[in-house]
Amino acid sequence: MIRLPESVLLSCAALAFAMPAAAAAPPVADWCPATAAAAATARNTVLREADKRLGDDPRPMPVVHTEGTLPGQGIREQSLIARRDLPQMRAFALAWKLSGDQRYAQALSRYLDAWTKVYRPSFSPIDETHFEAVADAYALAGEALPAPTRQAAEDFLRAMASGYVERMDRGRGERRSTWTNNWQSHRVKIVTLAAVALNDESLFVHARRLYLAQLADNIRVDGSVEDFHQRDALHYVTYDLEPLARAALAARLRGQDWLDLQSRSGSSLARALDWLLPYARGEKQHQEFQRSTVRFDTERRAAGVKGFAGTWERRSAAELFWTAAFLDQRYAETAKSLSVTPPDWMAACWLKSS
Numbered sequence: 008m009i010r011l012p013e014s015v016l017l018s019c020a021a022l023a024f025a026m027p028a029a030a031a032a033p034p035v036a037d038w039c040p041a042t043a044a045a046a047a048t049a050r051n052t053v054l055r056e057a058d059k060r061l062g063d064d065p066r067p068m069p070v071v072h073t074e075g076t077l078p079g080q081g082i083r084e085q086s087l088i089a090r091r092d093l094p095q096m097r098a099f100a101l102a103w104k105l106s107g108d109q110r111y112a113q114a115l116s117r118y119l120d121a122w123t124k125v126y127r128p129s130f131s132p133i134d135e136t137h138f139e140a141v142a143d144a145y146a147l148a149g150e151a152l153p154a155p156t157r158q159a160a161e162d163f164l165r166a167m168a169s170g171y172v173e174r175m176d177r178g179r180g181e182r183r184s185t186w187t188n189n190w191q192s193h194r195v196k197i198v199t200l201a202a203v204a205l206n207d208e209s210l211f212v213h214a215r216r217l218y219l220a221q222l223a224d225n226i227r228v229d230g231s232v233e234d235f236h237q238r239d240a241l242h243y244v245t246y247d248l249e250p251l252a253r254a255a256l257a258a259r260l261r262g263q264d265w266l267d268l269q270s271r272s273g274s275s276l277a278r279a280l281d282w283l284l285p286y287a288r289g290e291k292q293h294q295e296f297q298r299s300t301v302r303f304d305t306e307r308r309a310a311g312v313k314g315f316a317g318t319w320e321r322r323s324a325a326e327l328f329w330t331a332a333f334l335d336q337r338y339a340e341t342a343k344s345l346s347v348t349p350p351d352w353m354a355a356c357w358l359k360s361s
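The numbering used here puts the sequence shown at residues 8 to 361.
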């Protein structure tokens, strides 16, 4: 389990508050630009999801840790339970946005207060990638929160994002694949969502710079990603591209096209998605992890963890291609072939028609 000295955590917090905006940023467009018809279609399901835990207490932990663990190891199971609070916050925020019912804003405030007081970032991106839902929740319902809660959420997101920026800049000189593989994609997503949710121009400049660097480092000109060549698994292609697509969707709210944005080598997210398309459509198949060079993949296969042996399950790419479809409609047909509709929270935010 990754634990950082208090001095490191304090220095990261100091960095966060020391990063001034370069200039007054323009207003961010609506975080959820779905059409009214699409939002109405998902409304009842979103409200039911929020209602499930409306009266429940949050379950924050000082750190969550599942990366590199098998079932039953360490604090994996406790972390999985606690981590359910994160998308629940987004559910509360969406329910408030769709209904205006203050009970949902109050529940969100209770959960945010609990987590921002207890949790201390580990800066392990696989463990913390799900905190994207906190950025979603803040962006959706920040105006409905009490001022102290809103400020605590802002400080939390800025400290986490700034800490990741500092670590990415420091880590690029190291010869470790985790600074260029899917781990880095998740770091970039965390920074980008926080930057856009906070409307922080300085953070956004860093996010765009780091996104471009990841395109160059991780995606080859033919569209294949380095994770595929290391892991021999489409599972990791999807896992690599999902956070980049989510970052691109956030950047769209600031009027930027990161789908077709090209790195200095000519690589782009669009080329990577196009490389994966024949597999997602079922035109090609792939036997997963047969030549992986990572020992943990072998351990998970031996432990019978689902998805680490056999033919790649193309439906596992449904959320990736729905995100891509919100960026470009040419991916919509593939997305619908994987799942007729997107997850309800995505439909309520991003779907353009019912």
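Note that beta-carbon positions come from the ideal geometry of N, C-alpha and C, so glycine has one too.
Exposure label - residue i; buried when at least 16 CB within 10 Å
i, result
"residue 51", "exposed"
"residue 187", "buried"
"residue 129", "buried"
"residue 313", "exposed"
"residue 342", "buried"
"residue 351", "buried"
"residue 345", "buried"
"residue 230", "buried"
"residue 140", "buried"
"residue 62", "exposed"
"residue 300", "exposed"
"residue 72", "buried"
"residue 180", "exposed"
"residue 356", "buried"
"residue 158", "exposed"
"residue 88", "exposed"
"residue 258", "buried"
"residue 81", "exposed"
"residue 363", "The requested residue 363 does not occur in the structure, where the chain is confined to residues 8 to 361."
"residue 160", "buried"
"residue 156", "buried"
"residue 136", "buried"
"residue 347", "exposed"
"residue 349", "buried"
"residue 4", "The structure shown does not extend to residue 4, since the chain is modelled only from 8 to 361, so the question has no answer here."
"residue 198", "buried"
"residue 207", "buried"
"residue 123", "buried"
"residue 23", "Here residue 23 scores only 41 on pLDDT, less than 50, and its place in the model is too uncertain to base an answer on."
"residue 29", "In this prediction, residue 29 has a pLDDT of 38, which is less than 50 and means its spatial position is unreliable; what the coordinates show is noted afterwards. Label assigned to residue 29: exposed."
"residue 326", "buried"
"residue 42", "exposed"
"residue 31", "Reliability of the predicted coordinates at residue 31 is poor, the pLDDT of 41 falling under 50, and the value obtained from them is presented with this limitation in mind. Exposed, because fewer than 16 other Cβ atoms sit within 10 Å of the Cβ of residue 31."
"residue 47", "exposed"
"residue 114", "buried"
"residue 264", "exposed"
"residue 33", "Residue placement at residue 33 is flagged as unreliable, the pLDDT there being 45, under the threshold of 50; a coordinate-derived value is accordingly withheld."
"residue 302", "exposed"
Proximity below 9 angstroms, CB of residue i to CB of residue j
i, j, result
"residue 78", "residue 310", "yes"
"residue 191", "residue 167", "no"
"residue 272", "residue 214", "no"
"residue 241", "residue 171", "no"
"residue 253", "residue 288", "no"
"residue 142", "residue 101", "no"
"residue 260", "residue 38", "yes"
"residue 147", "residue 104", "yes"
"residue 65", "residue 118", "yes"
"residue 219", "residue 268", "yes"
"residue 233", "residue 184", "yes"
"residue 353", "residue 319", "no"
"residue 338", "residue 276", "no"
"residue 292", "residue 239", "no"
"residue 173", "residue 133", "no"
"residue 163", "residue 93", "no"
"residue 189", "residue 126", "no"
Whole-angstrom C-beta distance between residue j and residue i, which should lie under 8 angstroms
i, j, result
"residue 283", "residue 333", "That pair is no contact at about 17 angstroms."
"residue 144", "residue 194", "With 8 angstroms as the limit, residue 144 and residue 194 do not qualify as a contact, their Cβ atoms being about 20 angstroms apart."
"residue 316", "residue 290", "About 22 angstroms; that fails the 8 angstroms criterion."
"residue 6", "residue 153", "Any question about residue 6 goes unanswered here, given that the chain covers just 8 to 361."
"residue 165", "residue 217", "About 16 angstroms separates the two Cβ atoms, so there is no contact after all."
"residue 182", "residue 226", "That belief does not hold up - the Cβ atoms of residue 182 and residue 226 are roughly 19 angstroms apart, past 8 angstroms."
Strand pairing of residue i, partner residues [DSSP]
i, result
"residue 232", "226"
"residue 245", "Answer is none; residue 245 lacks a bridge partner."
"residue 318", "294"
Minimum Cβ-Cβ distance from residue i to chain D less than 9 angstroms
i, result
"residue 183", "Absent from the structure: chain D. Only one protein chain is present."
(request) Scan the stretch 105 to 154 and note each continuous alpha helix (DSSP H) run of 4 residues or more that stays entirely inside, going in chain order. (result) Taken in chain order, the complete alpha helix (DSSP H) segments of 4 or more residues contained in the stretch 105 to 154 are 109 to 125, 132 to 135, 139 to 148.
(request) Note down, one range per segment and in chain order, each alpha helix (DSSP H) of at least 4 residues found wholly within the stretch 162 to 235. (result) 189 to 205, 208 to 225
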